[in-house]
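Asks:
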Amino acid sequence: MENKQIAIPRFGDADVLTIQSTQIPEPQAGEVLVKVAFAGVNPIDVKTRSGLGWAAAQNKDNLPWVPGYDISGKIVRCGQGTSQFEDGDLVAGFVGFPVRGGGYSQYLCVPESELSLVPSSVTLEAAAVLPLAGQTAAQALNKAEVKEGDRVLILAGAGGVGHLAVQIAVAAKAEVYTSCRGDNLDYLATLGAHAINYEFAPVSERLEEVDVLIDLIGGDAALDALKCLKDDATVITVPTVTAELICEKAKLLGFNAMGMLVDPEPEQLETMLYMVGVGLLKVEIQHVYPMSEVKEAHRQIESGHTRGKVLLDMQC
Ligand SMILES: NC(=O)c1ccc[n+]([C@@H]2O[C@H](COP(=O)([O-])OP(=O)(O)OC[C@H]3O[C@@H](n4cnc5c(N)ncnc54)[C@H](OP(=O)(O)O)[C@@H]3O)[C@@H](O)[C@H]2O)c1
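Counting from 341, one number per residue, gives the positions in the sequence shown under the numbering used here.
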């Protein structure tokens with residue numbers, strides 16, 4: 341049997357993505373072999389494929405490189421010294437972040453410490469939505485110390501991180517505002533947010549007295565949103581490219597501002613899987629592409645208008 345993987349043989353546009361065939365790896369001590377069902381596609385995959393950012397710099401002499409940090413699937417072999425899982429367990433994980441990657445594989449060996457058990461009430465599609473995006477959403481809101489009654493503005497509520505951040509903030513009993521295109525207004529209202537159409541007018545013309553800004557866009561949209569904030573407000577700016585600029589401007593205006601880098605925490609993923617299982621969190625999947633259509637999946641992310649997540653079906 342072969343192990344098909346999607347690789348980046350050189351940096352470039354979506355056309356560089358190539359399917360390669362390798363042997364199914366053997367799990368080393370502390371590792372398990374996962375038969376990957378679904379792999380999540382994240383903006384960082386697209387950025388790295390283009391040769392931008394830290395993961396690209398770290399892997400430039402290590403091409404072809406297999407991207408992918410979000411996986412769900414089934415354990416098919418346990419390496420020596422493992423104790424957490426058994427063959428046949430269904431798992432999900434935020435794996436190999438940020439340098440190793442590897443999630444765009446049909447079979448992947450990972451340290452068992454990077455995985456969480458998927459409850460029977462959660463589909464493997466839903467489980468693959470959560471690792472990177474869900475933990476970014478949860479960690480951004482934790483950093484901001486969002487509490488009941490806070491007026492929270494989340495830029496880009498319809499995206500992979502945003503749709504989960506909106507729901508977690510609503511569950512914390514915050515008053516949640518979010519920006520989106522006209523097409524996403526109804527969707528975000530169903531998640532419990534006050535949705536603001538950014539195509540109609542800048543957000544700063546529609547909102548004031550905000551306690552917490554969760555910026556998932558960066559650049560001009562984030563600079564505009566600073567005008568909506570109360571004195572002493574907190575700003576968490578998530579896109580790394582403009583984080584320094586936004587933090588500098590926000591601090592000059594007297595706000596408490598910080599960037600962030602998501603940190604894989606299997607226990608936090610377990611909590612989110614539980615929340616999905618009991619219906620407290622709804623995942624949105626724009627499209628599941630067969631692995632052979634990975635170029636289209638990357639182009640969809642590059643459009644900047646994905647609702648929820650894009651997944652790759654690694655078994656077809
Ligand atoms: N620092 C970290 O650790 C970390 C972790 C995860 C993600 N990130 C970064 O965070 C950002 C968001 O990630 P993501 O996975 O959520 O991206 P994504 O899923 O690709 O975001 C797409 C969403 O952005 C919305 N959007 C586009 N332009 C907008 C605008 N001007 N105003 C408001 N919404 C807009 C779109 O909604 P409409 O169609 O309604 O416009 C779409 O739903 C990316 O830059 C990513 O690289 C950083």
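Ideal Cβ placement from N, Cα and C applies to all residues, glycine included.
1. Count the other CB atoms, across all protein chains shown, that sit within 10 Å of the CB of CYS449; report buried if there are 16 or more and exposed otherwise.
2. Can you check which of these residues, VAL552, GLY489, TYR447, is closest to VAL376 by C-alpha distance?
3. Could you check where the alpha helix (DSSP H) with HIS503 kicks off and where it finishes?
4. What does the alpha-carbon distance come out to for the pair LEU621 and GLN507?
5. Is the separation between the beta-carbon of CYS520 and that of ALA535 shorter than 8 Å?
6. Mark MET615 as exposed unless 16 or more other C-beta atoms lie within 10 angstroms of its C-beta, in which case mark it buried.
7. Quick check on this structure: which residue in THR388, ALA514, LEU563 has the alpha carbon closest to the alpha carbon of GLU488?
8. With DSSP run on the structure shown, which of helix, strand or coil describes THR611?
9. Pull up the distance between the alpha-carbon of GLY648 and that of ALA354, whole angstroms please.
10. With a threshold of 16 other CB atoms inside 10 Å of the CB of GLU369, please say whether the residue is buried or exposed.
11. Measuring only from the beta carbon, is ARG639 closer than 7 Å to any heavy atom that is part of ligand 1?
12. Say yes only if the C-beta of ALA469 is nearer than 7 Å to one or more non-hydrogen atoms of ligand 1, and no if none qualify.
13. For my contact list, GLU539 and GLY522 are in at a C-beta cut-off of 8 Å; report their separation, rounded to the angstrom.
14. Give me the residue from LEU585, ALA541, LEU457 with the minimum Cα distance to GLY428.
15. Given a cut-off of 8 Å, decide if ALA562 and THR582 are closer than it, judged by their beta-carbon atoms.
16. Do LEU495 and LEU609 have their CB atoms nearer than 8 Å?
17. Beta-carbon within less than 7 Å of LEU403's beta-carbon, same chain only, minus the 5 sequence neighbours each way: which residues are those?
18. Can you name the residues that DSSP bridges to ASN343?
19. Could you check how far apart the C-beta atoms of LEU455 and ASP410 are, in whole angstroms? I think they sit under 8 Å.
20. For a quick check, are the C-beta atoms of LEU566 and ALA590 less than 8 Å apart?
21. Using a threshold of 7 Å, is the CB atom of ARG546 nearer than that to any non-hydrogen atom of ligand 1?
22. Any idea which residues DSSP pairs ASP564 with across the strands?
23. Below 7 Å, is the gap between the Cβ of ASN596 and the nearest heavy atom of ligand 1?
24. Where does LEU403 sit, in a helix, a strand or coil, going by DSSP?
25. With distances taken from CA atoms, which of ASP401, GLN420, GLY441, THR362 is nearest ILE384?
26. Nearest by alpha-carbon distance to GLN626: which of SER632, PHE595, HIS645, GLU633 is it?
27. Under 6 Å Cβ to Cβ from THR358, same chain only, skipping five residues before and after it: list those, please.
28. On the premise that LEU547 lies in contact with CYS568, defined as a C-beta separation below 8 Å, what is that separation, rounded to the nearest angstrom?
29. What are the start and end residues of the beta strand (DSSP E) that includes GLY433?
30. If you measure from the CB of PRO579, is any heavy atom of ligand 1 nearer than 7 Å?
31. Tell me the DSSP bridge mates of ASP653?
32. If you check the beta carbons only, do GLY408 and GLY433 fall under 8 Å apart?
Replies: Reading it off the structure:
1. buried
2. TYR447
3. 500 to 511
4. 7 Å
5. yes
6. buried
7. ALA514
8. helix
9. 20 Å
10. Per the sequence presented here, residue 369 reads as Ala, with Glu not at that position. ALA369 comes out exposed.
11. no
12. As written in the sequence, residue 469 is Val, which differs from the Ala given in the question. No, Cβ of VAL469 sits at least 7 Å from all heavy atoms of ligand 1.
13. 6 Å
14. LEU457
15. yes
16. no
17. ILE348, PRO349, ARG350
18. THR362
19. Not really, about 12 Å apart at Cβ, beyond 8 Å.
20. yes
21. no
22. ASP564 is not bridged to any residue.
23. no
24. coil
25. GLY441
26. HIS645
27. ALA347, PRO349
28. 5 Å
29. 430 to 434
30. yes
31. PHE378, PRO630
32. no
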